[in-house]
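Student:
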Amino acid sequence: MSYYTMTAFAAAQALRRGEVTSRQLAEAVLERIAAVEPEVCGFITILDEEEVLSAARQADRLLEQGRAPSLLAGIPMALKDNICTSGIPTTCASRMLAGYKPPYDAFTAAALNQAGAILVGKANMDEFAMGSSTENSAFQITANPWDRERVPGGSSGGSAALVAAGEVFFALGSDTGGSIRQPASFCGVVGLKPTYGLVSRYGLVAFASSLDQIGPLTRDVRDCAIVLDIIAGYDRRDSTSVCREKDHYTAYLGGEVRGFKAALPLEYFGEGIEKSVRDIVMDAVGRCSRLGVELAEVSIPSTVYALPAYYLVATAEASSNLARYNGIQYGLSVRGKTNLLALYQDTRKEGFGAEVKRRIMLGTYALSSGYYDAYYLKAMKMRTLIHDDFEKIFKDYDFIVTPTSPTVAFKIGERKDDPLTMYLSDICTITANLTGCPAVSIPCGFVDGMPVGLQVIGRPFDEGRMLQFCYCLEEALGIKGRLAVSPARMEKNIEHI
Amino acid sequence: MKVSREEVEHVAALARLALSPDEVDLYTVQFNDILGYINMLKDVDLDNVEPARHPQPLSNILREDHVVPGTAAMREAILQEAPEQEDGFFKVPPIIE
Numbered sequence: 056m057s058y059y060t061m062t063a064f065a066a067a068q069a070l071r072r073g074e075v076t077s078r079q080l081a082e083a084v085l086e087r088i089a090a091v092e093p094e095v096c097g098f099i100t101i102l103d104e105e106e107v108l109s110a111a112r113q114a115d116r117l118l119e120q121g122r123a124p125s126l127l128a129g130i131p132m133a134l135k136d137n138i139c140t141s142g143i144p145t146t147c148a149s150r151m152l153a154g155y156k157p158p159y160d161a162f163t164a165a166a167l168n169q170a171g172a173i174l175v176g177k178a179n180m181d182e183f184a185m186g187s188s189t190e191n192s193a194f195q196i197t198a199n200p201w202d203r204e205r206v207p208g209g210s211s212g213g214s215a216a217l218v219a220a221g222e223v224f225f226a227l228g229s230d231t232g233g234s235i236r237q238p239a240s241f242c243g244v245v246g247l248k249p250t251y252g253l254v255s256r257y258g259l260v261a262f263a264s265s266l267d268q269i270g271p272l273t274r275d276v277r278d279c280a281i282v283l284d285i286i287a288g289y290d291r292r293d294s295t296s297v298c299r300e301k302d303h304y305t306a307y308l309g310g311e312v313r314g315f316k317a318a319l320p321l322e323y324f325g326e327g328i329e330k331s332v333r334d335i336v337m338d339a340v341g342r343c344s345r346l347g348v349e350l351a352e353v354s355i356p357s358t359v360y361a362l363p364a365y366y367l368v369a370t371a372e373a374s375s376n377l378a379r380y381n382g383i384q385y386g387l388s389v390r391g392k393t394n395l396l397a398l399y400q401d402t403r404k405e406g407f408g409a410e411v412k413r414r415i416m417l418g419t420y421a422l423s424s425g426y427y428d429a430y431y432l433k434a435m436k437m438r439t440l441i442h443d444d445f446e447k448i449f450k451d452y453d454f455i456v457t458p459t460s461p462t463v464a465f466k467i468g469e470r471k472d473d474p475l476t477m478y479l480s481d482i483c484t485i486t487a488n489l490t491g492c493p494a495v496s497i498p499c500g501f502v503d504g505m506p507v508g509l510q511v512i513g514r515p516f517d518e519g520r521m522l523q524f525c526y527c528l529e530e531a532l533g534i535k536g537r538l539a540v541s542p543a544r545m546e547k548n549i550e551h552i
Numbered sequence: 899m900k901v902s903r904e905e906v907e908h909v910a911a912l913a914r915l916a917l918s919p920d921e922v923d924l925y926t927v928q929f930n931d932i933l934g935y936i937n938m939l940k941d942v943d944l945d946n947v948e949p950a951r952h953p954q955p956l957s958n959i960l961r962e963d964h965v966v967p968g969t970a971a972m973r974e975a976i977l978q979e980a981p982e983q984e985d986g987f988f989k990v991p992p993i994i995e
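Here the protein sequences line up with chains P and X, keeping their order.
All letters in the first sequence, in the order written, are residues 56 to 552 by my numbering.
All letters in the second sequence, in the order written, are residues 899 to 995 by my numbering.
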């Protein structure tokens, strides 16, 4: 029995029925990792086998005593490598933080630990979360488990690939402009970016502070709700964390969707979207109406201006956040010459990759004297217009439905030399970050064997009904929980080397 | 609005990034591409629009000015990651010549 093929929820039920132990789940996952990780390369750090098994033993003890802290007790998982884990390397896939061990746990890392989930390792990503393919990692390329020559997406490509390949039951990623949803779409898994402020950013290495959010990557919608239940919540150590009554997302699943109203903005279905992707998404949208969901075409005119606004806001905030990497308190330190300026320049020259440098430069330029009004201020004003447009839509509709990405996963190396094309592919996902709205990508079909994601954007803090809708749609689409590579197929791939 | 090589060098200096001449060339080209695209924002009438400094209407979150002492263990863990330290201080090259 391949335990790693189960969803987290199915595994949780099996644990409680005594059909499997956490130790067996951990062993299954470690075996799976040994078999496929050399191909996928999703992990930057894998914990010691003994550490993992010891945590599993602890979970088994609690389960036996009926004291399991949550549904995730004993379930193996991975965390994106920009989420701080005390004493465990947290590198952000950058030479700047190679080997860096944080002295504290992120809120989400601690929450999952307290919930009894088993950390197996830290997932690969684009350096400092800047990228849409995970090719910007300073350490390794992660392969898309559905096709080894294609990217898993980014920046949470490692997290998405690990879940899709069955190396962990679920993972956490982070999303600033689509970095959970796009890899989810490319890897055929569910990925959710919560409302800004719902999940604490304490311990998330900052990229763009007004856009970043941590969220789950899971095999199906139910697992997503389960993980969100654990990681959502007020944290006074994150001053942007919202204090509100805690919602129970799993309670929404199975609720009626008849009567929900979904808006289809024509700007998200236009020329920039590949026809084959548009067709699959429209097919899936058709199922919505069969479920009794009312659909309507709308227009969001500010959409075309969202990308330039995003790349100004995100890079400006990044240039500010990454100023802390100066070779003094932690991380890389290049001390060849004996003056302070050289320490800064040489450390940052060696520590940062090309994409990170490019974004820091763009952001610095946009904020600099003489250009602030022309660029950053304009971008912030554009953000208001986009926010207002979304508010208008949400007066009459419950959700906005779009493709997650204009294409399926592209080939490794295809876009490396063309940053602008890479940026343009974020068109469907960035508005959710700019407006702070929650958004989720669920697998809705395949094009030439590669997964396609459908995106649902909801009102702020309406994750419950969003998941309710997605749960129903996922059922109707009939492709949930499908693993990237069946055990037989992956073994076959390895034979071909 | 064309960005010159000199401006790119100036920005690199502001960002404390040492760039090679090849990198300066590459970034100058890429900047112009990207900013050329971003320039479409000039088509939008934004004169009477308030800048959105935040995705949600949050205001300054304050707390009581109340010291929460750290522990020796915490201090150790922090200093452990310091590239150079002396007597519990982060050590840096001379600031004043």
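We treat Cβ as the ideally placed atom computed from N, Cα and C, and that holds for glycine.
Would you say residue 339/P and residue 319/P are within 8 Å of each other, going by their C-beta atoms?
Tutor: For the purposes of this step, residue 339/P is taken as the residue at position 284 of the first sequence. For the purposes of this step, residue 319/P is taken as the residue at position 264 of the first sequence. Cβ distance not < 8 Å, so residue 339/P and residue 319/P don't count as in contact.
Student: Return yes when the Cβ of residue 312/P is within less than 8 Å of the Cβ of residue 283/P, no when it is not.
Tutor: Translated into the one-based positions of the first sequence, residue 283/P becomes position 228. Translated into the one-based positions of the first sequence, residue 312/P becomes position 257. No, these two residues do not count as a Cβ contact at 8 Å.
Student: Count the other CB atoms within 10 Å of the CB of residue 997/X; is the residue buried (16 or more) or exposed (fewer)?
Tutor: No answer is possible for residue 997/X: it lies beyond the span of chain X, which begins at 899 and ends at 995.
Student: In the DSSP output, what is residue 138/P paired with across the bridge?
Tutor: Start at 1 with the first residue of the first sequence, and residue 138/P comes out as number 83. In the DSSP output, where bridge partners are listed per residue, residue 138/P has 259/P.
Student: Using the rule of at least 16 other Cβ atoms within 10 Å of the residue's Cβ for burial, across every protein chain shown, is residue 963/X buried or exposed?
Tutor: Translated into the one-based positions of the second sequence, residue 963/X becomes position 65. It counts as exposed.
Student: Taking 8 Å as the threshold, find out whether the segment 457-475 of chain P comes into contact with the segment 296-308 of chain P through three or more Cβ pairs.
Tutor: These segments do not touch.
Student: At the 8 Å Cβ level, is residue 987/X part of the contact set with chain P, yes or no?
Tutor: Sequence index remark: in the second sequence, residue 987/X carries index 89 (1-based). Judged by the 8 Å Cβ criterion, residue 987/X is not in contact with chain P.
Student: Out of 277/P, 429/P, 72/P, 234/P, which has the shortest C-alpha to C-alpha gap to residue 119/P?
Tutor: For this step, residue 119/P is matched to residue 64 along the first sequence. Closest by alpha carbon: 72/P.
Student: Can you find a CB in chain X that lies within less than 8 Å of the CB of residue 103/P?
Tutor: One-based indexing of the first sequence puts residue 103/P at position 48. Residue 103/P does not count as touching chain X.
Student: For residue 510/P, which beta-bridge partners are listed by DSSP?
Tutor: By one-based count along the first sequence, residue 510/P stands at place 455. Answer is 457/P, 496/P, bridged to residue 510/P.
Student: For residue 509/P and residue 209/P, I'd like the C-alpha separation in whole angstroms.
Tutor: Position 454 of the first sequence, counted from the start, is the residue given in the question as residue 509/P. Position 154 of the first sequence, counted from the start, is the residue given in the question as residue 209/P. Looking at the two C-alpha atoms, the distance is approximately 17 Å.
Student: Which residues, in chain order, does the segment 946-963 of chain X contribute to contact with chain P at a C-beta distance below 8 Å?
Tutor: Here the close residues are 947, 948, 949, 950, 951, 952, 953, 954, 956, 959, 961.
Student: Select from the segment 433-449 of chain P all residues with a C-beta closer than 8 Å to any C-beta belonging to chain X, and list them in chain order.
Tutor: From the segment 433-449 of chain P, only 433, 434, 435, 436, 437, 438, 439, 440, 442 have a Cβ closer than 8 Å to chain X.
Student: Between residue 277/P and the rest of its own chain, which residues show a CB-CB distance below 8 Å, the 5 nearest in sequence each way excluded?
Tutor: Translated into the one-based positions of the first sequence, residue 277/P becomes position 222. Answer for residue 277/P: 62, 64, 305, 308, 526, listed in chain order.
Student: Quick one: what's residue 983/X bridged to in DSSP?
Tutor: As a position in the second sequence, residue 983/X is number 85, starting the count at 1. For residue 983/X, which the question treats as bridged, DSSP gives the partners 988/X.
Student: Sort 499/P, 268/P, 270/P, 252/P by Cα distance to residue 298/P and report the nearest one.
Tutor: Along the first sequence, read from residue 1 onward, the residue named residue 298/P stands at position 243. Comparing Cα-Cα distances from residue 298/P to each of 499/P, 268/P, 270/P, 252/P, the minimum goes to 252/P.
Student: Verify whether the separation of the beta carbon atoms of residue 214/P and residue 178/P is less than 8 Å.
Tutor: Residue numbering aside, residue 214/P sits at position 159 when the first sequence is read from its first letter. Residue numbering aside, residue 178/P sits at position 123 when the first sequence is read from its first letter. Cβ atoms of residue 214/P and residue 178/P: closer than 8 Å.
Student: Could you check whether the Cβ of residue 367/P sits closer than 8 Å to any Cβ belonging to chain X?
Tutor: Residue mapping note: residue 367/P aligns to position 312 of the first sequence, counting from 1. True, the Cβ-Cβ gap to chain X drops below 8 Å.
Student: In this structure, how does DSSP classify residue 244/P when only helix, strand and coil are distinguished?
Tutor: Against the first sequence, residue 244/P aligns to sequence position 189. Of the three classes helix, strand and coil, the one that applies to residue 244/P here is coil, per DSSP.
Student: For a contact meaning CB atoms closer than 8 Å, what does residue 415/P contact in chain X?
Tutor: Taking the first sequence and counting its residues from 1, the one referred to as residue 415/P is at position 360. Near residue 415/P (Cβ distances below 8 Å), the residues of chain X are 913, 915.
Student: Is residue 156/P helix, strand or coil when you go by DSSP?
Tutor: Residue numbering aside, residue 156/P sits at position 101 when the first sequence is read from its first letter. Three-state DSSP puts residue 156/P in coil, outside helix and strand.
Student: Report buried or exposed for residue 275/P, applying the criterion of at least 16 other Cβ atoms within 10 angstroms of its Cβ.
Tutor: Counting from one through the first sequence, the residue named residue 275/P turns up at place 220. By the neighbour-count rule (16 or more Cβ atoms within 10 Å), residue 275/P is buried.
Student: With a cut-off of 8 Å on the beta carbons, I'd call residue 317/P and residue 223/P a contact; round off their distance for me.
Tutor: Stepping through the first sequence from its first residue, residue 317/P is reached at position 262. Stepping through the first sequence from its first residue, residue 223/P is reached at position 168. Going by Cβ atoms, the distance from residue 317/P to residue 223/P rounds to 32 Å, so no, they are not a contact pair.
Student: Under 8 Å: do the segment 926-946 of chain X and the segment 355-370 of chain P share three or more Cβ pairs, one atom per stretch?
Tutor: As far as the Cβ criterion goes, the segment 926-946 of chain X touches the segment 355-370 of chain P, which means the pair count is three or higher.
Student: Identify every residue that forms a DSSP beta bridge with residue 958/X.
Tutor: The sequence position of residue 958/X within the second sequence is 60, counting from 1. None, per the DSSP bridge assignment.
Student: Any idea what DSSP makes of residue 406/P, helix, strand or coil?
Tutor: Within the first sequence, the letter at position 351 stands for residue 406/P. Looking at residue 406/P - three-state DSSP - the assignment turns out to be helix.
Student: Run through DSSP, which three-state label would residue 972/X get?
Tutor: Looking up residue 972/X in the second sequence gives position 74. It is helical.
Student: Within 8 Å of any Cβ in chain X, is that where the Cβ of residue 290/P sits?
Tutor: Along the first sequence, read from residue 1 onward, the residue named residue 290/P stands at position 235. Chain X contact via Cβ: absent.
Student: Using the C-alpha atoms, what's the distance from residue 181/P back to residue 197/P?
Tutor: On the first sequence, position 142 is the one that residue 197/P refers to. On the first sequence, position 126 is the one that residue 181/P refers to. Answer to the nearest angstrom: the Cα atoms are 10 Å apart.
Student: Using a Cβ cut-off of 8 Å (strictly closer), state whether residue 931/X contacts chain P.
Tutor: On the second sequence, residue 931/X is found 33 positions in, with the first residue counted as 1. Yes, its Cβ sits closer than 8 Å to a Cβ of chain P.
Student: List, in chain order, every chain X residue whose beta-carbon is nearer than 7 Å to that of residue 376/P.
Tutor: Taking the first sequence and counting its residues from 1, the one referred to as residue 376/P is at position 321. Residues of chain X passing the Cβ test: none, with the nearest at roughly 12 Å.
Student: Mapping the DSSP letters down to three states, classify residue 294/P as helix, strand or coil.
Tutor: Position 239 of the first sequence, counting from 1, holds the residue named residue 294/P. Coil.
Student: Confirm, please, whether the CB-CB distance from residue 95/P to residue 200/P is below 8 Å.
Tutor: As a first step, residue 200/P is located in the first sequence; it is residue number 145 there, counting from the start. As a first step, residue 95/P is located in the first sequence; it is residue number 40 there, counting from the start. Contact: yes.
Student: Do you know how far the Cα of residue 488/P is from the Cα of residue 231/P?
Tutor: Working through the first sequence from its first residue, we reach residue 231/P at position 176. Working through the first sequence from its first residue, we reach residue 488/P at position 433. Approximately 6 Å, taken between the alpha carbons.
Student: Between residue 113/P and residue 269/P, what straight-line distance do the alpha-carbon atoms span, to the nearest angstrom?
Tutor: Position 58 of the first sequence, counted from the start, is the residue given in the question as residue 113/P. Position 214 of the first sequence, counted from the start, is the residue given in the question as residue 269/P. Near 27 Å, if we compare the C-alpha coordinates of residue 269/P and residue 113/P.
Student: Which one of 138/P, 292/P, 273/P, 259/P has the shortest CA to CA distance from residue 961/X?
Tutor: Reading the second sequence from its first residue, position 63 is the one you call residue 961/X. That would be 292/P, whose Cα lies nearest to the Cα of residue 961/X.
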